[in-house]
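Quick notes on the structure that follows.
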Amino acid sequence: MLFIAGMMVLALFVPAAMAASYPQNGQFIAQYDEDKLAKDTSSENGGTTYYAGEATKAAASLVSVATTRSLDQYDWPQFMYDEANMGYSPCSNLPDDNTSVVVFDDREVIGTVNPIVADGKIFLYTGYAGFDEPSGLTEINLTCIDESNMTVDWDFPLPRTQHLGSWGAPATDGTYVYAASDNKIYKIRISDCYEMWNFTTIENAMCNGGLTVTDDYVFGSDWYGDYYCLFKDNGSQKWVFNNSDTRNYDMTYSQSTPAYDPDEGTAGMMYVCGWGYDSNTTYSGFLYKVNVATGREVWSKGVGTGYSESFCGSPSTDGTNVYVASYSLSSDGNLYAYEIDGTYINKTPIERTDATPSLDTENGLVYVSGGWNGGSWGSADPGLRCFQMDEYLTPVWDRENEEMGGWTCLVAIGDGYVFVGKESSDMNSFCYNTTYALNASTGATEWFYPAGGATAAIANDKVYTAGNDGFLYIFS
432 MLFIAGMMVL ALFVPAAMAA SYPQNGQFIA QYDEDKLAKD TSSENGGTTY YAGEATKAAA
492 SLVSVATTRS LDQYDWPQFM YDEANMGYSP CSNLPDDNTS VVVFDDREVI GTVNPIVADG
552 KIFLYTGYAG FDEPSGLTEI NLTCIDESNM TVDWDFPLPR TQHLGSWGAP ATDGTYVYAA
612 SDNKIYKIRI SDCYEMWNFT TIENAMCNGG LTVTDDYVFG SDWYGDYYCL FKDNGSQKWV
672 FNNSDTRNYD MTYSQSTPAY DPDEGTAGMM YVCGWGYDSN TTYSGFLYKV NVATGREVWS
732 KGVGTGYSES FCGSPSTDGT NVYVASYSLS SDGNLYAYEI DGTYINKTPI ERTDATPSLD
792 TENGLVYVSG GWNGGSWGSA DPGLRCFQMD EYLTPVWDRE NEEMGGWTCL VAIGDGYVFV
852 GKESSDMNSF CYNTTYALNA STGATEWFYP AGGATAAIAN DKVYTAGNDG FLYIFS
C-alpha cells in the first residue's frame, strides 16, 4: 500500500453564514444539510492519494487480471457522451415509439443521474429514489448492471454525508470506472469491483459536477472552488485550479463537469465554470479556459453583475467554439457562444438553467433545456430550445411553457431525435416522470412515455433514463 502526497493549495475561505444560506436558491442546491455546510469544510489529508495498484482482492482465490477494453463509439461512457460534453451519439437505429421498454427496479436509482453505458455494462448511482437526499443518509452505491440479463454485478459503497441534493455522473474507460462522492474520487476495476485508488479533495463536498475521463487524466471538482487534474493511472494530483490560479480572484464555488479539448497545446485545454460570492468582483460567474499542461488560466469570461446572472453549470465545446448557459435568480438566462480563443460570438435568451448545451455539429444545431415548474423557489416555466450554431445563434424551434425540460435535465441527441424529460408533480424535487422523444429538426413530439425523463444516455441503439420513482427505463 502506497500513499502519494498531492500538492496542498490554499483554498478560498467561505464564511459559514454565506455557505449555509446561498444554497437556498434553486439555482444551486435543492436540498442540503445546513449544519454540515456551516462547519469547517476542509478535508483531512486533502490533496492526497491512496494507491493500491493492480492487485487482486484479498478474498479472491484466483488472480484477476484486468483485460484492457477499448470503448466503442456506440457506448455512452461519461457525462454527456464524451470528454467535450457534446451530448451527441452516432447511434442510427433508435426506437421510433415507446412500445419496447425494459425497467430496472432492483435498486433505487438516484433520479437525476446521467446513466453510463459501455461494453454491456450500465453504471448508476443508487441508494434512494428521486432527488432529495433522505435525512440520515450516510452511503450510496456505484452500481454495475450486466445488461445481458439486467442483474447487478456489484455495488461499490460511496460515502454520502454531505447532504447537498447533488447529482453528477460516473465515467468509464471500458476497463475501469471512476466515481465521486463527498470528498473522494475513486478508480474501480470493472471486472471485480476492486478499488485501484482514491483521491481526497481539499474541501469536503462535491456538488453536481461529475467526472471527465481522458486518455491520461481524470478531471473533477469539489464544491468550494477547486478543480482537479489527476493522473489516471495512479490518481496522483497533477494540479488543482482555484482562486490562486485565476487572474481576478473571482471563483468561490465550482460545480461543472469539465469539458476537455485534447487538440490545443501539449496536454489539451479544459473548460469549466465558477461563480463568485464575495466582494472581489462585480461578476457572479465566470467561464474559464485552463491549460492542462500547467493548470493555469488562459482566459476567463464574466457574465452579469451582482447576482443577476451566473455561469454555474457545465460548458460544452466542439473544438472551435465553447457554449455555456447562464442562470438568473430574477429573470431568464442566456445561451452564450465564444470562440476557443475567448472571442465573444453572441448570446440569446433562454430559460434559466444549470444544464449543459448539447451540440449537433453535423447539422449545426445547439440545444438547451431550462426552467422549473414551481416549488419553494417560485416558478420559471420550463422549456427546451434549438438554435443554429451561427454567429447570431438563430432560433430554429422551441417548446416553451409545455412543462417540458428543466434546469437539471440535459438534452441527449441521436438519430434525428432529441430526448428530454418532464418534471415530476413534486416540484420541490427537481426530478422527472416523463420521457419525450422529439424531432431534432422541428421539435415535434415523436413519442413519449409516462416515466423516466432525467438526462438520458444513448448507447447501442437504446435510450436509458432514470425517473423520480427510482427506476431505470431502457427504450429500444
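Those letters in the sequence shown? Residues 432 to 907, per the working numbering, in order. Note that CB positions come from ideal geometry on N, CA and C, so glycine has one too.
Classify residue 683 as helix, strand or coil using the three-state DSSP reduction.
Here residue 683 sits in coil by DSSP.
In whole angstroms, what is the alpha-carbon distance linking residue 818 and residue 889?
Approximately 22 Å, taken between the alpha carbons.
DSSP has residue 696 in a bridge; who is on the other side?
DSSP output for residue 696 lists no bridge partner at all.
I'd like the list of long-range same chain contacts for residue 537, defined as Cβ closer than 7 Å, with 5 residues on each side in sequence excluded.
Around residue 537: 583.
Work out the CA separation of residue 693 and residue 617 for me, nearest whole Å.
C-alpha separation (whole angstroms): 23 Å.
Am I right that residue 533 and residue 905 are in contact with their C-beta atoms under 8 Å? What's the rounded C-beta distance?
Right, their Cβ atoms sit about 4 Å apart.
Just grab the DSSP bridge partners of residue 661 for me.
The partner list for residue 661 (beta bridge, DSSP) reads 649 and 668.
Counting C-beta neighbours from all protein chains within 10 Å, is the total for residue 648 16 or more, i.e. buried, or is it exposed?
Residue 648 comes out buried.
Under 8 Å between the Cβ atoms of residue 640 and residue 682?
Not in contact: residue 640 and residue 682 (Cβ atoms no closer than 8 Å).
Please classify residue 822 as buried or exposed, where buried requires at least 16 other C-beta atoms within 10 Å of its C-beta.
That one is exposed.
Quick check: is the beta carbon of residue 632 nearer than 8 Å to any beta carbon in chain D?
The displayed structure is made up of one protein chain only, and chain D is not part of it.
Would you call the CB atoms of residue 511 and residue 747 closer than 8 Å?
Cβ atoms of residue 511 and residue 747: closer than 8 Å.
Does the beta-carbon distance from residue 868 to residue 885 come in below 8 Å?
Not in contact: residue 868 and residue 885 (Cβ atoms no closer than 8 Å).
Leaving out five residues on either side along the sequence, give the residues of the same chain with a beta carbon under 7 Å from the beta carbon of residue 585.
Correct list, in chain order: 575 and 624.
DSSP state of residue 504, grouped into three classes?
Residue 504: coil per DSSP, three-state reduction.
For residue 748, name the three-state secondary structure that DSSP assigns.
Here residue 748 sits in strand by DSSP.
Around the C-beta of residue 597, are 16 or more other C-beta atoms found within 10 angstroms, so that it is buried, or is it exposed?
Its Cβ being crowded by 16 or more others within 10 Å, residue 597 is buried.
Once you ignore the five residues that flank residue 568 on each side, which residues in its own chain have a CB closer than 8 Å to its CB?
Result list for residue 568: 558, 559, 591, 592 and 594, in chain order.
Helix, strand or coil for residue 705 per DSSP?
DSSP places residue 705 in strand when its eight states are reduced to three.
Quick check: residue 788 and residue 734, are their CB atoms within less than 8 Å of each other?
Cβ atoms of residue 788 and residue 734: not closer than 8 Å.
Just to confirm before moving on: does the CB-CB distance between residue 675 and residue 658 stay below 8 Å?
For residue 675 and residue 658, no; Cβs fall outside 8 Å.
Specify, as a first and last residue, the run of the beta strand (DSSP E) that residue 731 falls within.
Looking at the DSSP string, the run of the beta strand (DSSP E) that includes residue 731 is 727-733.
Suppose contacts are defined by Cβ-Cβ distances below 8 Å. Is residue 666 in contact with residue 482 by that definition?
It is a contact, given that the beta carbons lie within the stated cut-off.
Assuming residue 846 and residue 524 form a contact by the criterion Cβ under 8 Å, report the distance between their Cβ atoms to the nearest whole angstrom.
The Cβ separation is near 7 Å, so the contact holds.
Let's see if you can read the secondary structure: which residues bound the beta strand (DSSP E) around residue 516?
Segment: none, residue 516 is in no beta strand (DSSP E) and carries neither H nor E.
Quick one: Cα of residue 604 to Cα of residue 506, how far?
Answer to the nearest angstrom: the Cα atoms are 10 Å apart.
What are the boundary residues of the beta strand (DSSP E) that residue 544 is part of?
Looking at the DSSP string, residue 544 is not in any beta strand (DSSP E), and its letter there is neither H nor E.
I need the straight-line Cα distance from residue 814 to residue 519, nearest angstrom please.
Each residue's alpha carbon lies about 20 Å from the other.
Taking all protein chains shown into account, decide if residue 501 is buried (16 or more other Cβ within 10 angstroms of its Cβ) or exposed.
Exposed.
Whole angstroms are fine: how far does the CA of residue 719 sit from the CA of residue 781?
The straight-line gap from Cα to Cα measures roughly 21 Å.
In chain order, what residues of the same chain lie with their CB nearer than 7 Å to the CB of residue 828, ignoring the 5 residues before and after it?
Excluding sequence neighbours, residue 828 sits near 817, 873 and 874.
Which residues mark the beginning and the end of the beta strand (DSSP E) in which residue 801 is found?
Run containing residue 801: 796-803, per the beta strand (DSSP E) assignment.
By DSSP, does residue 764 sit in helix, in strand, or in coil?
The answer is strand: DSSP assigns residue 764 an E or B state.
Can you tell me whether DSSP reads residue 608 as helix, strand or coil?
Strand, per DSSP.
CA-CA distance, residue 473 and residue 652?
Residue 473 and residue 652: Cα-Cα distance of roughly 14 Å.
So is residue 715 buried or exposed if we call it buried at 16+ other beta carbons inside 10 Å?
Buried.
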